[in-house]
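Each remark here refers to the structure printed beneath this line.
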Amino acid sequence: MLDTDTIGKIVREERKALGLRQAELAAASGVGVRFLVDLERGKPTVQLGRVLAVLAALGCSIDIRRPQ
Numbered sequence: 035m036l037d038t039d040t041i042g043k044i045v046r047e048e049r050k051a052l053g054l055r056q057a058e059l060a061a062a063s064g065v066g067v068r069f070l071v072d073l074e075r076g077k078p079t080v081q082l083g084r085v086l087a088v089l090a091a092l093g094c095s096i097d098i099r100r101p102q
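Its first residue numbered 35, the sequence shown is counted upward by one per residue in this note's numbering.
See the structure below:
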């Protein structure tokens, strides 16, 4: 199950794997550096729309499945 800490860890790992600095990813995804720092730290109050923009800039996505 995804939580804010896991999403933050994934974002940080993918950013580093792509060789991007936080400022570069923030600019590419249209968010501020402060937002990206909070996201990577797993801050639970980040805005979902911005999270999705960062994930899209990294080429990542979230898969949501209905309970069975």
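All C-beta atoms, glycine included, are put in the ideal place defined by N, C-alpha and C.
Exposure label - residue i; buried when at least 16 CB within 10 Å
i	result
GLU74	buried
GLY83	exposed
SER95	exposed
ARG49	buried
Residue j beta carbon less than 9 angstroms from that of residue i
i	j	result
GLY93	LYS43	no
GLY56	VAL71	The sequence given here has Gln at residue 56, not Gly. Yes.
PRO78	THR40	no
VAL65	ALA87	yes
CA nearest to the CA of residue i, picked from the options
i	options	result
ALA60	LEU89, ARG99 and LEU36	LEU89
SER63	VAL85, GLY53 and GLU47	VAL85
VAL45	PRO101, ALA91, GLN102 and PRO78	ALA91
Restricting to runs no shorter than 4 residues, where is the alpha helix (DSSP H) found entirely within the segment 56 to 95?
Inside the segment 56 to 95, DSSP marks whole alpha helix (DSSP H) runs of 4 or more residues at positions 56 to 63, 67 to 74 and 82 to 92, from first to last along the chain.
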